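Colleague: In this note's numbering, the protein residues as written are 30 to 172. Even glycine gets a Cβ: it sits at the ideal position worked out from N, Cα and C. The structure presented is a predicted model; accordingly, all values stated were derived computationally and were not measured.
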């Protein structure tokens, strides 16, 4: 069987299948994948083949905070491999991103700069808050 990178036409179908599977399994309301995240999934090489894609989607479903899998919900490897080609979000996704940034900044101010306390305020795991802040380019802003 050829590598997943050689069957790019299967990536969208598999990603949507895994999204539905893990949304149901984890009782999450994730209904789809944003166009920007879809673009990133299609342009990634997937060295771990289907298993890596499955793990990426499962993690995005579990860790995501919206009804769609967004760019910032994807693993670092996918984001880093696509960094030069990634286009900025627009419209709805731009608003979601700016809202997430403001919520994190407000929580960090309320917690005196403590990621652990901010994560508690937001109901997030501290590691996820760190990753989200990094993906939203907030690390420098929060120092």
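(1) Relative to the alpha-carbon of residue 38, which residue among 80, 66, 72 has its alpha-carbon at the smallest distance?
(2) Across which residues does DSSP place residue 97 in a beta bridge pair?
(3) Considering only the alpha carbon of each residue, which of 166, 143, 164 lies closest to residue 155?
(4) Going by DSSP in three states, residue 155 sits in which element: helix, strand or coil?
(5) Give the straight-line distance between the Cα atoms of residue 135 and residue 129, rounded to the nearest whole angstrom.
(6) Kindly indicate which residue of 55, 145, 104, 41 has the alpha-carbon position closest to the one of residue 67.
(7) Suppose the cutoff is 8 Å on Cβ atoms and the five residues either side in sequence are ignored; what does the same chain contact list for residue 91 look like?
(8) Within 10 angstroms of its Cβ, does residue 59 collect 16 or more other Cβ (buried), or is it exposed?
(9) Starting from residue 38, trace the alpha helix (DSSP H) in both directions and tell me its first and last residue.
(10) Does chain B have any CB closer than 7 Å to the CB of residue 97?
(11) With DSSP collapsed to three states, give me the class of residue 138.
Modeller: Taking the structure as given:
(1) Taking the chain shown and counting its residues from 1, one reaches residue 38 at position 9. Of the candidates 80, 66, 72, the one whose C-alpha sits nearest the C-alpha of residue 38 is 72.
(2) Counting from 1 along the chain shown, the entry for residue 97 is found at position 68. BP columns for residue 97 point to 61.
(3) By 1-based counting over the chain shown, the position of residue 155 is 126. Of the candidates 166, 143, 164, the one whose C-alpha sits nearest the C-alpha of residue 155 is 143.
(4) Locating residue 155 in the chain shown gives position 126, counting from the first residue. Residue state, collapsed to three classes: helix.
(5) Within the chain shown, residue 135 is the residue found at index 106, counting from 1. Within the chain shown, residue 129 is the residue found at index 100, counting from 1. For residue 135 and residue 129, the distance between alpha carbons rounds to 10 Å.
(6) Counting from one through the chain shown, the residue named residue 67 turns up at place 38. When each option's Cα is compared against that of residue 67, the closest is 41.
(7) In the chain shown, the residue the question calls residue 91 occupies position 62. Excluding positions up to five away in sequence, the list reads 51, 55, 57.
(8) Looking up residue 59 in the chain shown gives position 30. Result: buried.
(9) Position 9 of the chain shown, counted from the start, is the residue given in the question as residue 38. First-last of the alpha helix (DSSP H) with residue 38: 37-54.
(10) This model lacks chain B altogether, as it is built from one protein chain only.
(11) The residue given as residue 138 occupies position 109 in the chain shown. Three-state result, residue 138: helix.
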